[in-house]
Amino acid sequence: MATALCSLLIGVGYDAFVVSGYAINDVTLRIMCRTECPFPEFKEEEEAVEEKLEDDKYKVRPPRDLRSKFLMMMAKKEIDKAKAEEQKTFEEERLRILEEEKRPPDDLEGERVHAWVAILDGERKVDQPFFIEPSTGMAHPLDTDLYLGIESVWNHLNYWVNLQDCSEGIGALEYNLKDVKKWEHLLVGEPYAWRQYKPKEFGEEEGEIRDMYDEQHLDMPMPWSSKISIPHELLKRRFPDGGKATYFKRSLLEEFAPYTLDDGLVKKITRFSDFYYTDITTIEDYYENRSDKLYMSIYDNTTGIVTDYFKSGREDGAIKHVYNRHNDERDAERRIFFNNKARFDSLSKIECGGSKLTEHYFDREDKLYFREVTYVTDSKGKMVEKVSGRSPLHKVIQKFNRDESKKADDDIAVQEFDLKDRIINVKFQYGKNNVTATTRTFIKPPISEMGEGMKFKPELTYGYQADIRAKPPRQLNLYLLFEDQLKAEEKVLNQIRDMETQISDFLLLRAHEMAFSKLDVSLYNKEQNAENRASMLEREEELRQHKEKEVEEDIDWLAPYAARLGNPSKFNYSQALEAKISCLDDFKKLLVSRAHRIQKTFEKMGEQLQTLQNWYTANHDNLNPVEEAAYFEKVNDKMFYLKTLEMRLTRHKDLAPLRYRQMEEFLKRHPQLQILN
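See the structure below:
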């Protein structure tokens, strides 16, 4: 294995050597349970919050500290004691873990022969030499404790024997192979690239050939091995069976080649809290080539929280979805993040949970950046749901950024629609150098007085004006503002219901995408497209055979009618006319009957599909994932059958006139009906 790896590395330009020496038991037997996983635990980068420096020029002096110094000292002693106990417990746990993870004693320590690869610096921009373990493909520094000693190194140029002491490990070894005091080479002479003396320019080629033959110390046979040739389809599989599982330190790494699994999973990392792989903490799934753009899913086994990450390109613009795997209720907490630049409404995040729905926007033309919806709840704190499936709204709060094109007293900062108490609160933006903002409250009249003939009364509104020098607002302006708020309230309610529909559609779509995963195949992927091409050719062959079945063969359609007349050898005029008319009438009835039968089957299947959808609408909150997947499978089957019936009916309507004319031509050319021509 080391020789094969070294050959490949030399072939691509690295200064590689096969190292023969001794390694620990874990390396020789490829025991990875004490090796850290090469893929560290995923941690999402938190957004940096800029701290605003406060101007302490007029900083208020802190109040005088009147606490007892003795009590503070005693409290500090208690805190220090608790910290010391905590530190002691932490240290004991650390020592226990170290003892648990320590390698067991090995009777053959230092005697286990092993071979690995060394990469020296100088070629391919390698700055520091390092080792590569062929059984794992992992790189290790030169002072690693995995290898205990080195006997020799070699490559295609020479063989070097190590003269340095390895009793204290290999960390202090030097790898200058030109130093004959530390490395003794087997073949006389140095590799051509290491030499300081070069042949003269005159006759250089001839001198090189002569030197090469002069320094040829051994007559080597021709290589017995064939040229390394790995087919591309095998190289794409990456693993012998398309997958591999490796137990690392407190983690299980499962790797799969692309397109091996139907859901596009290429890597799964299961992390454990203990050394014996019993207590799962997190599960990280990595995907490729999924049509729903899912590329990573992280499950926290402690909290039950699942975080799905999506690449850009989804129609809904979603980039992250955080939810609880064990809670599928409608009021379950979840967060959906969007690429606001990919959405017309500039939505960036949705937060659902309990009795609230919060929407965050970014860079909207109307300056809206926040909307919070509170639903009506029952005595247990759960949302009240009407027969229509919609929960009544209690309160809606909207917040807006500053619009510099408007005056501060005309630029709304916060809108609050209290639907339960029928109150609208409006807060305007802060003016320059103002510490207060103008506010206005409207009390909606009873529903019976609402409408086009609504009368505005002064007692229906009150407010506060930040600028004391400004004139009080006129009643007409207040009425117009009230009308604007009523229109805004109606618009907001429609937007909220539309957002609820979008969330429901998103959840249904995600359930369908997880139950029926689809993978995208690149046009340049020969292996996968070869399968698609074969299936496409198979479908074309089936379609061709189906069309051939529909083409009428050379059948004597007049034979049944001739049998009714006693199969005369020759028809007279009346017999020929009767047979022709009967044949055309029966063929016309056959075409009409076939169309009616297809239409009736189509309507019946449509009713079944509607019944199935109504059942799902009424019961989808109580379904488990298996039942929901079964529902989607049934719907897909019925939709496919409906589409097939529709195509059959359309094709029948298009071909019926042509077939009738062909029947007329057939009868016109029939030998027994020539008397009619």
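The sequence shown begins at 435 in our numbering and counts up by one. Backbone N, C-alpha and C define an ideal beta-carbon position, used for all residues, glycine too.
Decide if the segment 543 to 561 is in contact with the segment 438 to 456; the criterion is three or more beta carbon pairs, one per stretch, under 8 Å apart.
-> yes
Return helix, strand or coil for G1040, following the three-state DSSP convention.
-> Here the question's residue 1040 lines up with position 606 in the sequence shown. Reduced to three states, the DSSP call for G1040 is helix.
So, is R644 buried or exposed, given that buried needs 16 or more other C-beta atoms within 10 angstroms?
-> Locating residue 644 in the sequence shown gives position 210, counting from the first residue. Only weak support is given to the placement of R644: the predicted model assigns it a pLDDT of 49, under 50, and the question is left unresolved by the model.
Would E785 pass as a contact of E793 if the rule is Cβ separation under 9 Å?
-> In the sequence shown, residue 785 corresponds to position 351, counting from 1. In the sequence shown, residue 793 corresponds to position 359, counting from 1. For E785 and E793, yes; Cβs fall inside 9 Å.
Using DSSP bridges, identify the partner residues of D742.
-> On the sequence shown, position 308 is the one that residue 742 refers to. Answer by DSSP bridge pairing, in chain order: S731, H755.
Once you ignore the five residues that flank K783 on each side, which residues in its own chain have a CB closer than 6 Å to its CB?
-> By 1-based counting over the sequence shown, the position of residue 783 is 349. If we look at K783 and ignore the five residues flanking it on each side, its Cβ neighbours are F771, H794.
Who pairs with Q899 in a beta bridge, going by DSSP?
-> As a working note, residue 899 is residue 465 in the sequence shown. Beta-bridge pairing links Q899 to no other residue.
Work out the CA separation of Q909 and P892 for me, nearest whole Å.
-> As a first step, residue 892 is located in the sequence shown; it is residue number 458 there, counting from the start. As a first step, residue 909 is located in the sequence shown; it is residue number 475 there, counting from the start. Each residue's Cα considered, the two are about 7 Å apart.
The ligand GTP heavy atom lying under 8 Å from the CB of Q832 | Only the bare structure without any ligand can be found here, which leaves the ligand GTP out of the picture.
Cα-Cα separation between D837 and E1061, rounded to whole angstroms | Counting from one through the sequence shown, the residue named residue 837 turns up at place 403. Counting from one through the sequence shown, the residue named residue 1061 turns up at place 627. When rounded, the distance between both Cα atoms is 51 Å.
Applying the criterion that 16 or more other CB atoms from any shown protein chain within 10 Å of the CB defines a buried residue, is R998 buried or exposed?
-> In the sequence shown, residue 998 corresponds to position 564, counting from 1. It counts as exposed.
Mapping DSSP to helix, strand and coil, what is K683?
-> As a working mapping, residue 683 is identified with position 249 in the sequence shown. It is coil, neither helix nor strand.
What's the C-alpha gap between E806 and D954?
-> Position 372 of the sequence shown, counted from the start, is the residue given in the question as residue 806. Position 520 of the sequence shown, counted from the start, is the residue given in the question as residue 954. Those two C-alpha atoms are separated by around 38 Å.
Rounded distance between the beta-carbons of D742 and S731, thought under 8 Å | The residue you call residue 731 lines up with position 297 of the sequence shown. The residue you call residue 742 lines up with position 308 of the sequence shown. Between D742 and S731 the Cβ distance is about 5 Å, and since that is below 8 Å, they are a contact.
C-alpha gap between G787 and I531, whole angstroms = Within the sequence shown, the letter at position 353 stands for residue 787. Within the sequence shown, the letter at position 97 stands for residue 531. Answer to the nearest angstrom: the Cα atoms are 39 Å apart.
Are K1004 and Q1096 close, meaning C-beta to C-beta below 9 Å?
-> Position 570 of the sequence shown holds residue 1004. Position 662 of the sequence shown holds residue 1096. Against a cut-off of 9 Å, the Cβ pair of Q1096 and K1004 comes out as no contact.
Looking at the structure shown, is G462 part of a helix, part of a strand, or coil, going by DSSP?
-> For the purposes of this step, residue 462 is taken as the residue at position 28 of the sequence shown. Before going on, a small fix: residue 462 reads as Thr here, not Gly. Three-state DSSP puts T462 in a helix.
Alpha carbon to alpha carbon, what distance is there between L1089 and N1111?
-> The residue you call residue 1111 lines up with position 677 of the sequence shown. The residue you call residue 1089 lines up with position 655 of the sequence shown. One C-alpha to the other measures close to 27 Å.
Tell me F476's beta-bridge partners as DSSP assigns them.
-> Counting from 1 along the sequence shown, the entry for residue 476 is found at position 42. Answer by DSSP bridge pairing: none, since F476 is not bridged.
What is the DSSP secondary structure of H590, reduced to helix, strand or coil?
-> Numbered from its first residue, the sequence shown carries residue 590 at position 156. Three-state DSSP puts H590 in coil, outside helix and strand.
Tell whether a beta-carbon distance below 9 Å holds between F862 and T873.
-> In the sequence shown, the residue the question calls residue 862 occupies position 428. In the sequence shown, the residue the question calls residue 873 occupies position 439. Yes; because the gap between Cβ atoms is below 9 Å, this pair is in contact.
Who pairs with S454 in a beta bridge, going by DSSP?
-> As a position in the sequence shown, residue 454 is number 20, starting the count at 1. S454 pairs with A549, S586.
To the nearest angstrom, report how far apart A842 and Y896 are at their CA atoms.
-> Here residue 842 corresponds to residue number 408 of the sequence shown, with the count starting at 1. Here residue 896 corresponds to residue number 462 of the sequence shown, with the count starting at 1. Between A842 and Y896, the C-alpha separation is close to 19 Å.
So E793 is in the beta strand (DSSP E); what residue range does that whole segment cover?
-> For the purposes of this step, residue 793 is taken as residue 359 along the sequence shown, with counting starting at 1. Note, E793: beta strand (DSSP E), 790 to 795.
Distance CB(Y733)-CB(V740) smaller than 9 Å = Within the sequence shown, residue 733 is the residue found at index 299, counting from 1. Within the sequence shown, residue 740 is the residue found at index 306, counting from 1. In contact: Y733 and V740 (Cβ atoms closer than 9 Å).
How many Å lie between L442 and P575 at the Cα?
-> To locate residue 442, count along the sequence shown from 1; it is residue 8. To locate residue 575, count along the sequence shown from 1; it is residue 141. C-alpha separation (whole angstroms): 21 Å.
So D780 and F796 are in contact, right, with Cβ under 8 Å, and what is the actual spacing, rounded?
-> Within the sequence shown, residue 780 is the residue found at index 346, counting from 1. Within the sequence shown, residue 796 is the residue found at index 362, counting from 1. Checking the sequence, you will find Ser at residue 780 rather than Asp. Correct: roughly 6 Å between the Cβ atoms.
Based on the DSSP secondary-structure assignment, which residues constitute the bridge partners of F834?
-> Along the sequence shown, read from residue 1 onward, the residue named residue 834 stands at position 400. Answer is L802.
In this structure, what does DSSP give as the bridge partners for F851?
-> As a working note, residue 851 is residue 417 in the sequence shown. V830, I858, per the DSSP bridge assignment.
Quick one: is Q919 buried, meaning 16 or more other Cβ sit within 10 Å of its Cβ, or exposed?
-> What you label residue 919 is simply residue 485 of the sequence shown in a count that begins at 1. By the neighbour-count rule (16 or more Cβ atoms within 10 Å), Q919 is buried.
In three-state terms, what does DSSP make of N963?
-> Sequence index remark: in the sequence shown, residue 963 carries index 529 (1-based). The answer is helix: DSSP assigns N963 an H, G or I state.
Do M817 and D765 have their CB atoms nearer than 9 Å?
-> Here residue 817 corresponds to residue number 383 of the sequence shown, with the count starting at 1. Here residue 765 corresponds to residue number 331 of the sequence shown, with the count starting at 1. Against a cut-off of 9 Å, the Cβ pair of D765 and M817 comes out as a contact.
H1030 - DSSP class collapsed to helix/strand/coil | The count along the sequence shown starts at 1 and reaches residue 1030 at position 596. Three-state DSSP puts H1030 in a helix.
Cβ pair count under 8 Å reaching 3, the segment 679 to 695 against the segment 661 to 669 = no
Report the option in E1037, N1058, Q1047, K1022 whose CA atom is closest to the CA atom of P1091.
-> Mapped onto the sequence shown, residue 1091 falls at position 657. Of the listed residues, the one whose Cα sits closest to P1091 is K1022.
Please name the residue, chosen from H980, K1087, G1040, that lies closest to L1025 on a Cα-to-Cα basis.
-> For the purposes of this step, residue 1025 is taken as the residue at position 591 of the sequence shown. L1025 has its Cα closest to that of K1087, out of H980, K1087, G1040.
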